[in-house]
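Residue numbers (the working numbering): 42 to 668.
Here it is in structure tokens:
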């Protein structure tokens, strides 16, 4: 075989300087007799939208269509009410598209009106911040909408709501219902966005070198880009998403908070340790009459630094460290007394005593029961096997996509070992969970199973369907409308089981006032079902969570206040594999739930000692619920 010839070396041409990126012009005004439709096109459907006549506009970063009528191929991409696309569309057409509203169907109850009075009272006293920290299921969304309705019209014309994707349908319905009896000229202009899409709320700065790396471009856009909209009221739903004040979405929301006339934070789980509350620094600064941030423009890491410095001055148990060359802070109390003192101080600032700018009330107590599951000898062998061997034996894919290439999933590193063991436990316990779910269904219950891994969701749903059960599935890969349809199947009883990776912003309780279903054809044989079934609900947390925020949010999906203002209770079972890392996770999560309850003034959330006692009874075969 002749030797392989080596290719002659050639000198690489000099690299050209990168072209400076600038923003493209916005949408042009429509010609006389036509209008513009700004479309909500998923990434995978962009080619279909282009083939149907839509065009991508890189300035506002939207698809739009100009014409007299919207083609049939683009009807499914029509923008939703109060969405970013609808806002841009109305601006370009210089008119609001009339919204279809029905008669008002939701009346705030007294507990919600109390929240409204407290919020308006804080604003009247010159305090522009309000923390709505009621527990899950007490109607925070309607209370906040009612408060906005009663605000001064001259100073609150525009409202920005940042919320999880699953919460947007509920927000749309509540906003429309709360303004149904108002004249269109008196209604507020609402903008609903998800936390993941907050980057669209900024303009890309022109004539500025944003850098070559995408990370650098994002940083400079967040710091130097202009706010695209003039917002009077900023509402952060599930505001615990802002705990990492250095994340991109937190920094963008922070900039809008700084420019707004009023700010509302909504969360039953705002945080469980002192460093989580940096996003409320302005409110604490004003309420305590102290200087934390001052008048300087601070963002991201600067906010973290000043908040940590303030906590250190208040003698909190903060420890300094180093990560990626930057100073970091960790809350590490060395004893129970120090821990209790720090938690009590945060509680006093946020919810204790006569704090006028917050409200925090407990929901119905959640019955909690541990559900330890033993692994069989074969399952223990799989649990202890290497990652690649484990997936090969179970017939799971061995490849993953990295940078567009398929690579082999290697054995876990030290840092990934806990995650791999958790995923093994999740998959290996599916047969036991399926048996338990079938038993609950036979007893007349509807069952909500919370899982962490989509592979586990698919496997459990398939296992239950093989037994003839109808199963609804909700995960983050689905659109809001698809999630709503699956939730409706469960709530109407068409699917007695729902398996979900979503931890917040969905309602699964009995006797719920359901959203109108535009796909439902009302007939005498199939009347419109306006409330959910009365079957008792059971909640199973199949995959344990480290954070109490996720745990508490999951517990509150079916444990809520119903349409008749009555408490609905759903027993929550904590599933785990005995003798594995999951057992430690359950106990850690329970301990942190107790800290969370102490901060928000709801110490009845859970008693760790009672849970440990119930866990011991569970091992002995005598399960009892925990109040």
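Beta carbons: idealized from backbone N, C-alpha and C, even for Gly.
With 16 other CB atoms within 10 Å as the buried threshold, where does residue 317 fall? Around the CB of residue 317, 16 or more other CB atoms lie within 10 Å, so the residue is classed as buried.
Going by alpha carbons, who is nearest to residue 629 out of 313, 438, 347, 542? Of the candidates 313, 438, 347, 542, the residue whose Cα lies closest to the Cα of residue 629 is 313.
In angstroms with no decimal places, state the Cα-to-Cα distance between residue 396 and residue 389. Each residue's Cα considered, the two are about 8 Å apart.
Exposed or buried, residue 608, counting other C-beta atoms within 10 Å across all chains shown (16 or more means buried)? Result: exposed.
Can you tell which of 387, 505, 345, 496 has its C-alpha closest to the C-alpha of residue 474? Of the candidates 387, 505, 345, 496, the one whose C-alpha sits nearest the C-alpha of residue 474 is 505.
Fully enclosed by the stretch 387-442, which alpha helix (DSSP H) runs are 4 residues long or longer? For secondary structure counted as the alpha helix (DSSP H) over 4 or more consecutive residues, the stretch 387-442 holds these complete runs in sequence order: 418-425, 428-435.
Counting along the chain, where does the beta strand (DSSP E) carrying residue 173 start and finish? Per DSSP, residue 173 belongs to the beta strand (DSSP E) from 170-173.
Below 8 Å CB to CB, which residues in the same chain sit around residue 357 once its five sequence neighbours on both sides are set aside? Non-local beta-carbon contacts of residue 357 in its own chain, meaning distances under 8 Å to residues more than five positions away in sequence, involve 315, 372, 383, 386 in chain order.
What is the DSSP secondary structure of residue 626, counted as helix, strand or coil? Secondary structure of residue 626 (DSSP, three-state): helix.
How many Å lie between residue 498 and residue 542 at the Cα? Each residue's alpha carbon lies about 8 Å from the other.
Leaving out five residues before and five after residue 566 in sequence, what residues of the same chain have Cβ atoms less than 8 Å from its Cβ? Because residue 566 sits at a pLDDT of 43, beneath the cut-off of 50, its placement in the model cannot be relied upon, and the following sentence gives the value as read from the coordinates. Counting only Cβ-Cβ distances below 8 Å, and skipping sequence neighbours, we find nothing.
For residue 305, does the three-state DSSP call read helix, strand or coil? Strand.
Taking residue 672 as part of the alpha helix (DSSP H), name the residues at either end of that continuous run. Residue numbering for the chain in the displayed model covers 42 to 668; residue 672 lies beyond these limits and cannot be assessed.
When you compare each of 107, 340, 342, 351 to residue 329 by their alpha carbons, which one comes out closest? Looking at the Cα atoms, 351 is the closest of the given residues.
Which ranges does the alpha helix (DSSP H) cover as unbroken runs of at least 4 residues, wholly within the stretch 92-164, from first to last along the chain? The stretch 92-164 contains these whole alpha helix (DSSP H) runs: 125-134.
Residues bridged to residue 278 [DSSP beta-bridge criterion]: Looking at the DSSP output, residue 278 sits in a beta bridge with 307.
In the DSSP assignment, find the unbroken alpha helix (DSSP H) run with residue 289 in it and report its ends. That run of the alpha helix (DSSP H) goes 289-300.
Thinking C-beta only, is residue 621 closer than 8 Å to residue 462? Yes, the pair counts as a contact, with Cβ atoms nearer than the cut-off.
Output the distance between the C-alpha atoms of residue 613 and residue 470, rounded to the nearest integer angstrom. For residue 613 and residue 470, the distance between alpha carbons rounds to 17 Å.
Would you tell me roughly how many angstroms separate the C-alpha atoms of residue 652 and residue 215, rounded to the nearest one? Their backbone Cα atoms lie some 37 Å apart in a straight line.
So for residue 179, helix, strand or coil by DSSP? When DSSP states are grouped into helix, strand and coil, residue 179 belongs to the coil group.
Candidates 434, 546, 480, 225: which alpha carbon is nearest residue 468's? Checked all of 434, 546, 480, 225; the closest Cα to residue 468 is 434.
If we ignore side chains and look at the alpha-carbon of each, how far apart do residue 137 and residue 180 end up? Spanning the two alpha carbons is a distance of roughly 29 Å.
Beta carbon of residue 403 nearer than 8 Å to that of residue 643: A contact, by the Cβ cut-off of 8 Å.
Considering only their Cβ atoms, is the gap separating residue 230 from residue 262 smaller than 8 Å? At least 8 Å separates the beta-carbon of residue 262 from that of residue 230.
Exposed or buried, what is residue 518 when buried is set at 16 or more other beta-carbons lying within 10 Å of its beta-carbon? Around the beta carbon of residue 518, fewer than 16 other beta carbons sit within 10 angstroms, so the residue counts as exposed.
For residue 202 versus residue 278, is the C-beta distance shorter than 8 Å? Yes.
Residue 323 to residue 170, Cα distance in whole Å? Taking the straight line from one Cα to the other gives about 8 Å.
For residue 165, count the other beta carbons within 10 Å of its own beta carbon; 16 or more makes it buried, fewer makes it exposed. Which is it? So residue 165 counts as exposed.
Distance, residue 511 Cα to residue 535 Cα: Approximately 7 Å between the Cα atoms of the pair.
Short of 6 Å in beta carbon distance, which residues of its chain neighbour residue 633, apart from the five on each side in sequence? Order them along the chain. Within the same chain, Cβ atoms closer than 6 Å to the Cβ of residue 633 are found at 313, 589, the five residues on either side in sequence being excluded.
Of the choices 341, 309, 257, 269, whose alpha-carbon is the least far from that of residue 290? It is 341.
If you draw a straight line from the C-alpha of residue 71 to the C-alpha of residue 94, how long is it? Cα-Cα distance, rounded: 16 Å.
Just to confirm, is the Cβ distance from residue 492 to residue 550 under 8 Å? The answer is no: Cβ separation not under 8 Å.
Please report the distance separating the alpha-carbon of residue 168 from that of residue 327. Between residue 168 and residue 327, the C-alpha separation is close to 8 Å.
Please state the DSSP three-state secondary structure of residue 189. Correct three-state label for residue 189: helix.
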